[in-house]
Ligand code: ADP
Ligand code: MG
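Residue numbers (this note's numbering): 39 to 636.
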């Protein structure tokens, strides 16, 4: 007796549903994608009990004919492709023809739909793949689908659902993935009869603001910078977060051809561009949209279509890395805006870089490390090693918007700075009260000066009377051999004693009486984390570590002379509001904010 037979559709559909519809969120995704594929401009999503009892999507798209709506619930029924080749020119979200049959296999579906050319619409009700009702109905053009009691007939699956709170969060995540790529479509989200989201049509950026800016009282997108690059192969555009806005719960999104995707490999590219700009536990936000010819990607490797394979993965990786770097570079050269207040442009305090002078300008009177002496300096910027860190486009400065260079002067000599709490320096300025973090200010200054020294090959080394011995682990040894030149350029003079032992004969002058051993271990550890092989990246990492080790600590009382010295060096930098690791150095308490307190 033959034993192989075909599964009844209802069973096959339930099995397929296991892959496509794991939870309310995946169901929502499929429904909304269908509405988008149908050309809808307004989409209303209604959920009840985190999608357990009801998931409803109402659209004003094309609608379906009486026959089509019946067909739509058959397996592999789709209007979107008809030949295998069509997969390579795909411009729709759906194509597998699996969603509706899967959904109707595990729930009670009621759908009303009408095309513009039809007088009346069709109402169809299907419970667990069984059609229980079909009749003509009156309804607006478009489709209104209700999915009720998801998994009502599969108790095991229902048990797998998480708490309402978690499922609701999943729903919103899925909703966001979609609305972010369709900013021109109006979306409304109704949760248990309450409108929780009303997104009006606009630009990408406005949509991001609508989704993530709400409720925080400040602009989310002002913390983002644009990225853009275009080649034959791919267009990459979007927005990346300024380093100082990095946090533990960043918003990170990749989209390709109007579809959200996960891409761990490209994620790495973005992170490497931020290398050294962020403390280890913080992450940048990003919203990056790829546009590629559909024949260069494969969307079909997973039923939920979020894992996408690129044919030119490595080339795209490189382009992504380069474009993110470039934008970070621009941002770091550009005077920073204050993100705390929306729409208001905060002027930098001293004259910034004159236009179009990308090379380093050497100041012959430049004296790097004398914290005890205050050098009167004109407030023309001199130390210009800063932008080297980020390798910006050479033509960048000339394209600065003019408001960035419209500055006012801060006459340091006329002002008495005040040290507060051994941590902050308070300074009245035209814009309000400046609060300067003394430790960060100092390491920002030191790091810039060290890099300037490296660039000028101006080593400030101090000989050691009683050399310490540095013992390296095999791992440190490899890093050390690679970073030897940079260390030497900073003033470390090491003589090899045995295979992994060195005698420290000279140290950077900046170290003073500090022991060099822990500092060197620390530097090597940081360099090891820098995966970038770019020399500038290494130099920056080494200089930053050294600067942090030697900067004045919190709690140190400073004399007025020391404060003035620090401030004059800080304000001499082309940018100084943020430290090289992205931390805020200067904060402004505006007159408004002060007067509000009274
Ligand atoms: P796919 O989207 O992969 O084609 P689905 O099972 O999601 O498969 O949908 C089957 C078909 O039903 C679609 O190809 C489309 O023609 C039709 N359809 C589904 N939802 C809608 C909708 N909201 N508006 C118009 N047509 C729809
Ligand atoms: Mg679909």
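Glycine included, C-beta positions come from ideal geometry on N, C-alpha and C.
For residue 228, same chain residues with a beta-carbon under 8 Å away, outside a window of 5 residues either side, are 82, 83, 84, 85, 234 in chain order. Comparing alpha carbon positions, the residue from 240, 236, 263, 242 closest to residue 252 is 236. Look at the beta carbons and you see the region 184-200 touching the region 127-146: at least three pairs across the two are nearer than 8 Å.
Separation of residue 545 and residue 506 (C-alpha to C-alpha, rounded to the nearest whole angstrom) is 10 Å.
DSSP, read as helix, strand or coil, puts residue 297 in strand.
Distances from the CB of residue 63 to the heavy atoms of ligand 2 are all 8 Å or more. The beta carbon of residue 92 sits closer than 6 Å to the beta carbons of 86, 186 from its chain, once the five residues preceding and following it are set aside; these are given in chain order.
According to DSSP, residue pairing for residue 232 in a beta bridge involves 229. For residue 357, same chain residues with a beta-carbon under 7 Å away, outside a window of 5 residues either side, are 267, 269, 272, 274 in chain order.
Note on residue 215: 16 or more other CB atoms within 10 angstroms of its CB, so buried under the neighbour-count rule. DSSP places residue 198 in the uninterrupted alpha helix (DSSP H) bounded by 193-198. In the displayed model, residue 165 falls within a strand according to three-state DSSP. Annotation for residue 572: no beta strand (DSSP E) segment contains it, and DSSP assigns it neither H nor E. Residue 467 and residue 336 have their alpha carbons spaced roughly 57 Å apart.
Segment contact: the region 508-526 against the region 545-564, three or more CB-CB distances shorter than 8 Å; contact assigned. Judged by their CB atoms, residue 482 and residue 320 are not nearer to each other than the 9 Å cut-off.
Apart from the 5 residues on each side of it in sequence, residue 350 sits with its Cβ closer than 7 Å to the Cβ of 271, 334 in its chain, given in chain order. The C-beta of residue 208 has 16 or more other C-beta atoms within 10 Å across all chains shown, which makes the residue buried.
By the 16-neighbour rule on beta-carbons within 10 angstroms, residue 139 is buried.
Scanning its chain for C-beta atoms nearer than 8 Å, with the 5 sequence neighbours on each side dropped, one finds around residue 366 the residues 263, 278, 281, 311, 312, 315, 428, in chain order. Taking a 10 Å sphere around the C-beta of residue 534, we find fewer than 16 other C-beta atoms and assign the residue as exposed. Beyond the five residues adjoining it in sequence on each side, residue 116 comes within less than 8 Å, by CB distance, of 132, 133, 134, 135 in the same chain, given in chain order. Taking 9 Å as the cut-off, the Cβ atoms of residue 508 and residue 624 do not count as close.
By the CB criterion at 9 Å, residue 180 and residue 124 fall outside the cutoff. Residue 181 has its CB nearer than 8 Å to a heavy atom of ligand 1.
Ranked by how close their Cα comes to the Cα of residue 297, the residues 606, 71, 614, 526 have 71 in first place. The C-beta distance from residue 326 to residue 355 rounds to 12 Å, too long to fall under 8 Å, and the pair is not in contact.
One Cα belongs to residue 528, the other to residue 301, and the distance between them is close to 39 Å. In the structure shown, residue 312 falls within a helical segment according to DSSP collapsed to helix, strand and coil.
In the structure shown, residue 463 falls within a strand segment according to DSSP collapsed to helix, strand and coil. Annotation for residue 97: the continuous beta strand (DSSP E) segment containing it runs 92-97. Residue environment for residue 632: exposed (fewer than 16 other C-beta atoms within 10 angstroms of its C-beta). Taking a contact as a CB-CB distance under 8 Å, the pair residue 78 and residue 99 counts as one, their CB atoms being some 4 Å apart. Every residue whose Cβ sits closer than 6 Å to any heavy atom of ligand 2 is listed here in chain order: 68, 71, 72, 132, 137. Distance between residue 450 and residue 469, taken at the CA atoms: about 14 Å.
Of the candidates 453, 328, 492, 307, 307 places its Cα closest to the Cα of residue 364.
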